[in-house]
Amino acid sequence: MGAVQRVRRELALGRAGEKAASELMRRRGYEVVGAGFTARRGEIDLICRRGGELVIVEVKTRTSEAFGTPAEAVGTRKRRALAAAAAEYRLLAGWKGPIRYAVVGLIGRPDGGFDGEVIEDPFD
């Protein structure tokens, strides 16, 4: 498979994963208020609210766990980028309340669906 085809397949998987994560968060009682916020030093996949809290959500989608779970892919560098993006979002949106984080890890199933888990406050 060529590099362009691989990148297109990965982008499609990521988009499908973000859509599935959005539905998963809604089912868990979150209101999805934004997606794909690009900041200077990072990107926020999903921005959710529940009660008086803003929740910054990182979505990791994989086809298998051959190289570890999706959540294990969120390392120190990604955490710093999320914090920087959240700070920029806070400033631009004028958000004054608390900000929490969540990671949604998704594994693709053969039927095209996903098995997912939500890890709330993964950095505490």
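So for the sequence shown, the working numbering puts the first residue at 6; every next one is plus one.
All residues carry an ideal CB built from backbone N, CA and C; glycine is no exception.
### Task
List in chain order: all unbroken alpha helix (DSSP H) runs of 4+ residues lying wholly within the segment 48 to 129.
81 to 98
### Task
Enumerate in chain order the residues of its own chain whose CB-to-CB distance from residue 64 is below 6 Å, with the five nearest sequence positions on each side excluded.
22, 23, 26, 50 and 109
### Message
Let me check understanding here. Comparing Cα to Cα, which of 127, 90 and 98 lies closest to residue 106?
### Response
127
### Query
Can you tell me whether residue 115 is buried or exposed, with buried defined as 16 or more other CB within 10 angstroms of its CB?
exposed
### Task
My understanding is that residue 59 touches residue 104, with C-beta atoms under 8 Å, so please give their C-beta distance in whole angstroms.
That belief holds up - the Cβ atoms of residue 59 and residue 104 are roughly 5 Å apart, short of 8 Å.
#### Entry: Opposing strand residues paired with residue 37 [DSSP bridges]
53
### Query
Rounded C-beta distance between residue 87 and residue 47? I'm assuming under 8 Å.
6 Å
### Query
Between residue 66 and residue 111, is the Cβ-Cβ spacing less than 7 Å?
yes
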